[in-house]
Amino acid sequence: MKTQWDLFIAFFRVGMLGFGGGPASIPLIQKEVVEKYKWMNEEEFGDILAIANTLPGPVATKLAGYIGYRVAGIPGMLNAILINIVPTIILLIILLTSLSSFKDFDWVRGMAAGVVPVVGMMMAVLTWQFIKKAGKGFGWTKAIIIGAVLFVVLQFLHIHPGIVIAVLLILALSMKDKEKDNREGDRA
Amino acid sequence: MIYIQIFIAFFIPGILGYGGGPASIPLVENEVVKRFGWMTVQEFSEVIAFANSLPGPIATKLAGYIGYEVGGVLGSLIGIFATVAPSLILMVLLGGLLLKYKDSPKVKRLTLFVQPVIAILLGVLTWSFLQESYEGVGIWQTIILLAVSYYLIERRKVHPAFVIAGALVYGGFLL
Chain A
8 MKTQWDLFIA
18 FFRVGMLGFG
28 GGPASIPLIQ
38 KEVVEKYKWM
48 NEEEFGDILA
58 IANTLPGPVA
68 TKLAGYIGYR
78 VAGIPGMLNA
88 ILINIVPTII
98 LLIILLTSLS
108 SFKDFDWVRG
118 MAAGVVPVVG
128 MMMAVLTWQF
138 IKKAGKGFGW
148 TKAIIIGAVL
158 FVVLQFLHIH
168 PGIVIAVLLI
178 LALSMKDKEK
188 DNREGDRA
Chain B
13 MIYIQIFIAF
23 FIPGILGYGG
33 GPASIPLVEN
43 EVVKRFGWMT
53 VQEFSEVIAF
63 ANSLPGPIAT
73 KLAGYIGYEV
83 GGVLGSLIGI
93 FATVAPSLIL
103 MVLLGGLLLK
113 YKDSPKVKRL
123 TLFVQPVIAI
133 LLGVLTWSFL
143 QESYEGVGIW
153 QTIILLAVSY
163 YLIERRKVHP
173 AFVIAGALVY
183 GGFLL
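Right, here's the structure in full:
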């Protein structure tokens, strides 16, 4: 029971203090799990983070779920995930439903209109981060060509992004490894 | 059936969104706005705005809220489950195996290959937000809000929640 309570408190704190989405909460999780409760050491945490990054989907919930599972089985997993995400979901539901119940007022429409460009700006910054990752990983010339092809495929041929991603994942797994990559793989 | 649709709408971003929760934003938009038509671009951008002002992972906030809007509490739970469960189950089952291959070039390529797709989708989504804003409040208001919010969030490192609150007040009085 003590362990479940500790998990509850640890991931409640992570969920309430992790502003900027899941990836921003990784250092907070590390602080709780490694430094405060000592459920695992630095190295084990690093391994878990590495595994989480090889899989798709949100990182924070994978960490919460996996660490909860390691510490206290399936109940620990559910405990850690739910306390990590549910409080802010409830807050979001309350905020947005109260906003939409006042939708007929002009000033509420004005408020809603005011945030759209701000979100546009934040999305533009996020886009740039992904462009940079692609540019560094592929090299810029290659990244621009790949980007142009993908743009046509997604926007003009209207292929579902899920299919495009699935094809790329299969490609990533079936491509032959280059000499250089192999050496890197062996060293690590 | 609505619950199956909710499951699909969040399962796809959950299983394909390499690069953490933020990478799944455009994938969620694709299902929720374009495919199932549950909300408009404007409504989706409001959800993003509020989700970004609150703490916690973004993907599950989207799933929890949109699932609730479309299918009540059960819809919300299904949305969350579809977002979290697939990759978590893989992680629990394959943990040891994945650890062995975490530095393999194949596995590293998985994440890299998805980045350009996410970048394009995010770029297109950004564009539709800006267009929405241009049509709603005109070019000058859009540029002013863009410039001021960029300066505050990216240059002065003001917390997004405060900037969004400021934009709400500004919009309430002036737009």
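These protein sequences, in sequence, are chains A and B.
For any residue, its number in my numbering is found by taking its place in the first sequence, counting from 1, and adding 7.
For any residue, its number in my numbering is found by taking its place in the second sequence, counting from 1, and adding 12.
Cβ atoms here follow ideal geometry from the backbone N, Cα and C, with glycine treated the same way.
Using the beta-carbon of each residue, which ones in chain A are nearer than 7 Å to B:A179? G121, V122 and V125
CB contact flag (B:K114, A:T61, <8 Å): yes
Would you tell me roughly how many angstroms separate the C-alpha atoms of A:A173 and A:E39, rounded to the nearest one? 35 Å
Can you find a C-beta in chain A that's less than 8 Å from the C-beta of B:Q17? no
8 Å CB neighbourhood of B:E43 in its chain, flanking five on each side removed: I20, A21, F22, I24 and P25
Look at the alpha carbon of B:T123 and the alpha carbon of A:A71, and state the distance between them as a whole number of angstroms. 21 Å
Given A:I153, which residues of its chain have a CB within under 8 Å of its CB, disregarding the five upstream and five downstream residues? A141 and F145
Can you give me the Cβ contacts of A:G75 inside the same chain, cut-off strictly under 8 Å, excluding the 5 residues immediately before and after it? L14, F18, G83, M84, L85, N86, A87 and I88
Count the other CB atoms within 10 Å of the CB of A:I177; is the residue buried (16 or more) or exposed (fewer)? exposed
Assess contact between the stretch 93 to 105 of chain A and the stretch 49 to 68 of chain B, defined as three or more Cβ pairs (one per stretch) separated by less than 8 Å. Is contact present? yes
Could you tell me whether the Cβ of B:R121 comes closer than 8 Å to any Cβ of chain A? yes
If contact means a Cβ-Cβ distance below 8 Å, which residues of the stretch 123 to 151 of chain B contact chain A? T123, L124, F125, V126, Q127, P128, V129, I130, A131, I132, L133, L134, G135, V136, L137, T138, F141, L142, E144, S145, G148 and V149
Give the secondary structure of A:V1 by DSSP, where H, G and I count as helix, E and B as strand, and everything else as coil. Outside the displayed range of chain A (8 to 195) lies residue 1 of chain A, so it cannot be described from this structure.
Under 8 Å between C-beta atoms, does A:I166 make it to chain B? no
Need the endpoints of the alpha helix (DSSP H) that A:K77 sits in, please. According to the sequence displayed, residue 77 of chain A carries Arg and not Lys. Residues V66 to S108.
Contact list for A:Q162 against chain B, beta-carbon separation under 7 Å: V136
Which residue comes first and which comes last in the alpha helix (DSSP H) that contains A:R257? Nothing about residue 257 of chain A can be read from this structure; chain A reaches only from 8 to 195.
Closer than 8 Å to chain B by CB, A:G80: no
Have a look at B:I132 and A:E51 and give me their C-alpha separation to the nearest angstrom. 35 Å
Against chain A, which members of the stretch 94 to 118 of chain B pass a CB distance test of less than 7 Å? T95, V96, P98, S99, L100, L102, M103, V104, G107, L110, L111, K114, D115, S116, P117 and K118
Using a C-beta cutoff of 8 Å, does A:M118 count as contacting chain B? yes
Where B:Y108 falls: helix, strand or coil (DSSP): According to the sequence as given, residue 108 of chain B is Gly; it is not Tyr. Note: B:G108 maps to helix in three-state DSSP.
So for B:T52, helix, strand or coil by DSSP? coil
Taking all protein chains shown into account, do 16 or more other C-beta atoms lie within 10 angstroms of the C-beta of B:L8, making it buried, or fewer, making it exposed? For chain B, the structure presents residues 13 to 187; residue 8 of chain B sits outside this window and is missing.
How is A:L164 classed by DSSP in three states: helix, strand or coil? coil
At the level of alpha carbons, what is the spacing between A:T3 and A:G127? Here chain A has residues from 8 to 195 only, and residue 3 of chain A is not among them.
Does the contact criterion of 3 or more C-beta pairs under 8 Å hold for the stretch 140 to 156 of chain B versus the stretch 105 to 112 of chain A? no
Taking 8 Å as the CB-CB cut-off, is B:I90 touching chain A? no
DSSP-derived helix/strand/coil call for B:R168: coil
Flag this pair as yes or no: are the beta carbons of B:I70 and A:G28 separated by less than 8 Å? yes
Three-state class that DSSP yields for B:Y80 in the structure shown: helix
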